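FYI, in the working numbering the residues of the sequence shown are 235 to 309.
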Amino acid sequence: MKNAQGQGQHLDPVCGKTLDTPEGRPTAEYKKRRYFFCSERCRHAFERQAERFRFNELARVGALMTPGRVRWGIA
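The following block contains the structure:
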């Protein structure tokens, strides 16, 4: 998403808050993707279970439900 200044909005993967300005916010990189957080508490929670949050993000955007793709581990 883009805000009025043309900068992208970022979603905190832990608590779901929308961050209009990620500058100065805690960040983490996982599997070549940078994640932005509203607080150090959310960043620490992400670092403890990064793969779970990444999997939830993929499911949210529909990447795991695309026709023709193998869906591993989904009941």
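Don't be surprised by glycine CBs; every beta carbon is placed ideally from N, CA and C. These numbers come from a predicted model, not from an experiment.
Minimum Cα-Cα distance from Gly258 among the listed residues His278, Glu274 and Glu291 corresponds to Glu274. For Phe270, the three-state secondary structure derived from DSSP is strand. Phe287 is a Cβ neighbour of Pro247, given a cutoff of 9 Å.
For Ala262, the CB contacts under 8 Å within the same chain, skipping 5 residues up- and downstream, are Arg268, Tyr269, Phe271, Arg277, Phe280, Glu281 and Ala284 in chain order.
Lys266 and Leu292 have their C-alpha atoms some 15 Å from each other. When DSSP states are grouped into helix, strand and coil, Glu257 belongs to the coil group.
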